[in-house]
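Student: Be aware that the sequence shown starts at 5, since it is given in my numbering, and climbs by one per residue. The beta carbon of each residue, even a glycine, is placed where N, CA and C say it ideally should be. Owing to the predicted nature of the structure, the values given are computational and were not obtained by experimental measurement. Encoded as structure tokens, here's the structure I'll be asking about.
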Amino acid sequence: RMRQKLEFLIEDEAASDEPTEAELQGWLASHPNDYRLPERRSFRQVLASGDKRGAKARPDAEALLVKLQGGADPGKQGDASMLPAAMPLTTEEGVAAQFGGDFARAAFSHDKGAWFGPVASPFGQHLVSVIQVEPGRTVSLEEVRDRVHSDWIENKRNEARDKFHATLRKRYDIQIEWPAPWKGLPSAPEANPKTKPIPEVGE
């Protein structure tokens, strides 16, 4: 509790100054991939259900593909399911959450327009037509100002905490005595440990 209180004091002091516009812009420029908007796609899909068709799902899907490429109405083809027949603009990660990773990779590797497939998923075999592609892009500071501000403050807190710990370590010789089952672990902590970023959900 004492350690936590000291860290809170150190962190609050570090975060007391508001970043300048130049500092926020510099943070964004040095971490472009953290804020880049990913590519999004919209598409239609027609399903040949694995549950309903079993081993015939793939050959049936190949036959459906010929019909769709010939101009057949996609709304009258394939099997009904809880899956959306059409997806609005969505990231590859969002598509993977609904249809699985293999399906998402296929949907994001084809040009828009023509029907293609079959594409396998846990639900069966799909025929897919990409409707719209919105390329990924970098963002301006105004679009992500609040997030950049929050990340800048958090980084300052982490730097202050790490500096505080490093200063304390210079004053003490730390030795760790492990119980028997863990005797092989290091007997001293890292020399200059750094605060690690908290992973995003799903990483």
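Just tell me which of TYR39, VAL137, ASP16 and SER34 has its CA closest to the CA of GLU146.
Tutor: In the sequence shown, counting from the first residue as 1, residue 146 sits at position 142. The residue with the shortest Cα to Cα distance from GLU146 is TYR39.
Student: For ARG45, list the residues DSSP reports as bridge partners.
Tutor: On the sequence shown, residue 45 is found 41 positions in, with the first residue counted as 1. Answer is THR94 and VAL137.
Student: If contacts are defined as beta-carbon pairs under 8 Å, then LEU93 and GLU138 qualify, I think. What distance do you get, rounded to the angstrom?
Tutor: Start at 1 with the first residue of the sequence shown, and residue 93 comes out as number 89. Start at 1 with the first residue of the sequence shown, and residue 138 comes out as number 134. The pair is a contact, with the Cβ atoms about 6 Å apart (cut-off 8 Å).
Student: Output the boundary residues of the beta strand (DSSP E) element that contains PHE120.
Tutor: Sequence index remark: in the sequence shown, residue 120 carries index 116 (1-based). Unbroken beta strand (DSSP E) run through PHE120: 120–125.
Student: Report the three-state DSSP secondary structure of GLY75 (helix, strand or coil).
Tutor: Position 71 of the sequence shown, counting from 1, holds the residue named residue 75. GLY75: coil per DSSP, three-state reduction.
Student: Checking the sheet assignment: what are the DSSP bridge partners for GLY128?
Tutor: What you label residue 128 is simply residue 124 of the sequence shown in a count that begins at 1. According to DSSP, which records beta bridges pairwise, GLY128 is partnered with SER53 and SER125.
Student: Got a sec: does the ligand ZN put a non-hydrogen atom nearer than 6 Å to the Cβ of TRP31?
Tutor: With respect to small molecules bound, the structure shown includes none, and the ligand ZN cannot be examined in it.
Student: Using a Cβ-Cβ cut-off of 7 Å (strictly less than) and excluding sequence neighbours within five positions of GLY206, which residues of its own chain qualify?
Tutor: Taking the first residue of the sequence shown as position 1, residue 206 is located at position 202. With a pLDDT of 42 at GLY206, under the threshold of 50, the modelled position of that residue is not reliable, and the figure given next carries that caveat. Result list for GLY206: empty, nothing under 7 Å.
Student: For LEU166, which three-state DSSP category applies?
Tutor: Taking the sequence shown and counting its residues from 1, the one referred to as residue 166 is at position 162. Reading off the sequence, residue 166 comes out as Asp, not Leu. Helix.
Student: Using alpha carbons as the reference points, say which of VAL148, GLU97, PRO190 and ARG149 lies closest to PRO42.
Tutor: Along the sequence shown, read from residue 1 onward, the residue named residue 42 stands at position 38. Ranking VAL148, GLU97, PRO190 and ARG149 by Cα distance to PRO42 puts GLU97 first.
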